[in-house]
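Peer 1:
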Amino acid sequence: MKIAGVIVEYNPFHNGHLYHLNETRKVTSTDVVVAVMSGSFLQRGEPALVDKWSRTRMALQNGVDIVIELPYVYATQKAEIFAKGAISLLSSIGVDELCFGSESGSIHEFQNTVAFVDSHEKEYNERIKYFMSEGNSYPKATSLAFQSLQGHENVLDLSQPNNILGFQYVRAIHAQNAPIRPTTILRTKAGYHDQELTDTKIASATGIRNELVSKGSPLESIQAYVPEPTYNELQQYKETYSTFHGWHKLYHLLRYKLLTSSPVKLGSIYEAEEGLENRLITMAKTAPTFQDFMVAVKTKRYTWTRIQRFALHILTETTKDEMRPALEDRAPYLRLLGMSGVGRSYLNEIKNSLPVPLVSNINQFHHPFLTTERRVNQVYALGFTGKHQEEFLMKEYKTSPIIL
334 MKIAGVIVEY
344 NPFHNGHLYH
354 LNETRKVTST
364 DVVVAVMSGS
374 FLQRGEPALV
384 DKWSRTRMAL
394 QNGVDIVIEL
404 PYVYATQKAE
414 IFAKGAISLL
424 SSIGVDELCF
434 GSESGSIHEF
444 QNTVAFVDSH
454 EKEYNERIKY
464 FMSEGNSYPK
474 ATSLAFQSLQ
484 GHENVLDLSQ
494 PNNILGFQYV
504 RAIHAQNAPI
514 RPTTILRTKA
524 GYHDQELTDT
534 KIASATGIRN
544 ELVSKGSPLE
554 SIQAYVPEPT
564 YNELQQYKET
574 YSTFHGWHKL
584 YHLLRYKLLT
594 SSPVKLGSIY
604 EAEEGLENRL
614 ITMAKTAPTF
624 QDFMVAVKTK
634 RYTWTRIQRF
644 ALHILTETTK
654 DEMRPALEDR
664 APYLRLLGMS
674 GVGRSYLNEI
684 KNSLPVPLVS
694 NINQFHHPFL
704 TTERRVNQVY
714 ALGFTGKHQE
724 EFLMKEYKTS
734 PIIL
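Start counting at 1 in the sequence shown, then tack on 333, and there's your number in the working numbering.
Right under this line is the structure:
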């Protein structure tokens, strides 16, 4: 069987994702599509709009065959570590090809860029440090460092978010010597960060979330931008819980943490550096909402995403020591969230030859990454109240992989 992999968040699954999934099947002629998907919290340091089980159902109903969870210790990291964890999972489950969307649309540009950067690695890293010392954020410094190197024709625009992720995917494949062939398709219509809906049927997940959460628009306002199974899933979720998830549900808990924890304790949290924790403490004293807080904290050096991830790690009490293994090791297990009939057949065929354990019940497998997973999912549950909070607190332990 031919196996294709995709790396996703599906927050939520929209028409652009469906286009990507259909194109993946077309360009790879695959028999099985495996999605590595972030769990309760996402790469930009945000809570998922709906829980991972709901997003797994969206994925399966729209044509994914197997959904594997990307652990929190990889899912909430900068692009390099995010990619490292995702690629190691795809490699472990036997994926032959990776298909990702990009602003470039040319896999040759990715391969050329990886080869170029690897051949100038020392100089590249030195220039990153230099541009960061000039007060630039890490993403900006990496882009400037690349642009400053000589001889980088026919390579990527590394200022584009999907190009950055794709570059790190291809680089991780090379670094891990993974038997995966990368391919890319051109991202269409809405940009990754676009916050407004357009008159086309393709919108970014950011725009859809903005419409539902920030603007508080009715669900019908996004119906044209998502496949029917997604709309039905969102509708059922809203009817059940009366709300969607987001930082607005958790900011009071973050504020409590910041105002009651010592700077020394906060300094042990992952991504604390250069006294950034003191700035967060100061701004938490006067910022009534998470939006106000983020606007107050953001600087040229520290991007919105960087601050948001740090805030998330404070909320979940994720320390530097706890995250260190993710920087050094490959993903140590495959946690199964859901599968189609085709996916189930494939897993039955390969389960005895997998290089890492396949976990379908976290109560029967122990690993420090899963200890972290249990804790952060309990924090996610605190965004709800009453019986819904109790239900969410137990979901991590009681929910079996979804079979479609």
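Just so it is clear, CB atoms sit at the ideal spot from N, CA and C, and this is done for glycine as well. Owing to the predicted nature of the structure, the values given are computational and were not obtained by experimental measurement.
#1: What's the C-alpha gap between N694 and E655?
#2: Under the three-state reduction of DSSP, which class applies to F577: helix, strand or coil?
#3: For the putative contact between H578 and A381, defined by C-beta atoms under 8 angstroms, what is the C-beta separation to the nearest angstrom?
#4: Please state whether the Cβ-Cβ distance between S421 and Q509 is less than 8 angstroms.
#5: Are the segment 644-660 and the segment 703-723 in contact at 8 angstroms, needing three or more beta carbon pairs?
#6: Go to E467, then tell me how far its beta strand (DSSP E) extends in each direction, as first and last residue.
#7: Just curious, the alpha helix (DSSP H) that I399 is in, first and last residue?
#8: Below 8 angstroms on the Cβ atoms is my guess for Y558 versus N348; work out the distance and round it to an integer in Å.
#9: Please state the DSSP three-state secondary structure of G524.
#10: Could you check what DSSP says for A536 in three-state terms: helix, strand or coil?
#11: For I401, does the count of other Cβ atoms within 10 angstroms reach 16, so buried, or fall short, so exposed?
#12: Out of T389, L498, F479, which one is the CA nearest neighbour of I440?
#13: Kindly indicate which residue of A617, L423, T409, V397 has the alpha-carbon position closest to the one of H585.
#14: Pull the bridge partners of E430 from the DSSP assignment, please.
#15: Hey, would you say N395 sits closer than 8 angstroms to A538, going by beta carbons?
#16: Could you name the residues of the same chain whose beta carbon sits closer than 6 angstroms to that of Y457, not counting the 5 residues immediately before and after it, in chain order?
#17: Please classify E682 as buried or exposed, where buried requires at least 16 other C-beta atoms within 10 Å of its C-beta.
#18: For L354, which residues from the same chain have a beta carbon less than 8 angstroms from its beta carbon, with the 5 sequence-adjacent residues on both sides left out?
#19: Are the segment 631-645 and the segment 596-611 in contact at 8 angstroms, needing three or more beta carbon pairs?
#20: I believe A337 touches E430 by the beta-carbon criterion, under 8 angstroms. Please report the beta-carbon distance rounded to the nearest angstrom.
#21: Please state the DSSP three-state secondary structure of A605.
#22: Going straight from the alpha carbon of Q444 to that of E724, what length do you get?
#23: Could you pull the start and end residues of the alpha helix (DSSP H) that L660 belongs to?
#24: Any idea if Q410 is buried or exposed, counting beta-carbon neighbours within 10 angstroms, 16 or more meaning buried?
#25: Pick helix, strand or coil for A392, following the three-state DSSP scheme.
#26: Give every residue of the same chain whose Cβ lies closer than 7 angstroms to the Cβ of S476, excluding the five residues on either side of it in the sequence, and list them in chain order.
#27: Would you identify the three-state DSSP class for V365, choosing helix, strand or coil?
#28: Out of Y574, V675, R634, state which residue places its alpha-carbon closest to the alpha-carbon of G719.
Peer 2: In brief:
#1: 22 angstroms
#2: coil
#3: 6 angstroms
#4: yes
#5: yes
#6: Where E467 is concerned, there is no enclosing beta strand (DSSP E), given that its DSSP letter is neither H nor E.
#7: That residue, I399, is in no alpha helix (DSSP H); its beta strand (DSSP E) goes 399-403.
#8: 6 angstroms
#9: Legend: pLDDT at G524 = 49, less than 50; position of this residue unreliable, value from coordinates given subsequently. Correct three-state label for G524: coil.
#10: coil
#11: buried
#12: L498
#13: A617
#14: A337, R514
#15: no
#16: V450, A478
#17: exposed
#18: V339, V366, N395, G396, V397
#19: yes
#20: 5 angstroms
#21: coil
#22: 46 angstroms
#23: 653-661
#24: buried
#25: helix
#26: L491, S492
#27: strand
#28: Y574
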